[in-house]
């Protein structure tokens, strides 16, 4: 399978993912380009991701701390401030490279910054590939309550690159398989 197209966006797989992104970057000249990562996706996934880009545009890397505890408005504020400091505007692009925390929080940040900028989700965990990065669900936690603040907003595209799964441990893979089973049972 190369791609799945919905009325709102497309999901591209493996090599087709990079071809689609490179084409999108070539056809759409954004004013600024940003990649949101945590320390894990920065160390384990960003080098692979960057090696497949065929563009001359410069990307600003925004790194947040990993973990569900950081999926909150305070972290959003930090990212909004960095975007502002780096002169992001309404015609900027945010690429969310990471697991569910990155795709949920990054989608919410993009959907609310300057009343909405384009974003691309690049899930790097099995759980985020089958759930968090698709369907337009964006949001952050409110204290101990999960996903209490958010919006439904579709990404420009979702890029599923299974090579990122090689960076996961057994527990993370089992969590993704459990989510797949849950979806199958529903």
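In this note's numbering, the protein residues as written are 956 to 1141. We treat Cβ as the ideally placed atom computed from N, Cα and C, and that holds for glycine.
Cβ distance (whole Å) where residue i is taken to contact residue j below 8 Å
i	j	result
residue 1030	residue 1062	13 Å between Cβ atoms; not a contact.
residue 1104	residue 1028	7 Å
Proximity below 8 Å, CB of residue i to CB of residue j
i	j	result
residue 976	residue 1114	yes
residue 1051	residue 1074	yes
residue 963	residue 994	no
residue 1018	residue 992	yes
residue 998	residue 1117	no
residue 1095	residue 1046	no
residue 1132	residue 1000	no
residue 986	residue 1044	yes
Three-way DSSP call (helix, strand, coil) for residue i in this model
i	result
residue 1101	strand
residue 1078	strand
residue 1112	strand
residue 1024	helix
residue 1053	strand
residue 1140	helix
residue 1034	helix
residue 1046	coil
residue 1059	helix
Residue i - partner residues in DSSP beta bridges
i	result
residue 987	Residue 987 is not bridged to any residue.
residue 1017	991
residue 1090	Note: residue 1090 sits in no beta bridge, so no partner.
residue 958	967
residue 1095	1104
residue 981	The partner list for residue 981 (beta bridge, DSSP) is empty, contrary to what the question assumes.
residue 954	For residue 954 there is no data in the structure shown, the boundaries of the chain being 956 and 1141.
Contacting residues, own chain, Cβ-Cβ under 6 Å from residue i (five flanking each side not counted)
i	result
residue 980	1010
residue 1064	1031 and 1034
residue 1091	1107, 1108 and 1109
residue 1041	1015
residue 1037	1017
Other residues of its chain near residue i: CB distance less than 7 Å, five sequence neighbours each side excluded
i	result
residue 1004	1052 and 1077
residue 1089	966 and 1113
Beta-carbon contacts of residue i that lie in its chain and below 8 Å, excluding the five residues immediately before and after
i	result
residue 965	958, 959, 975, 1112 and 1113
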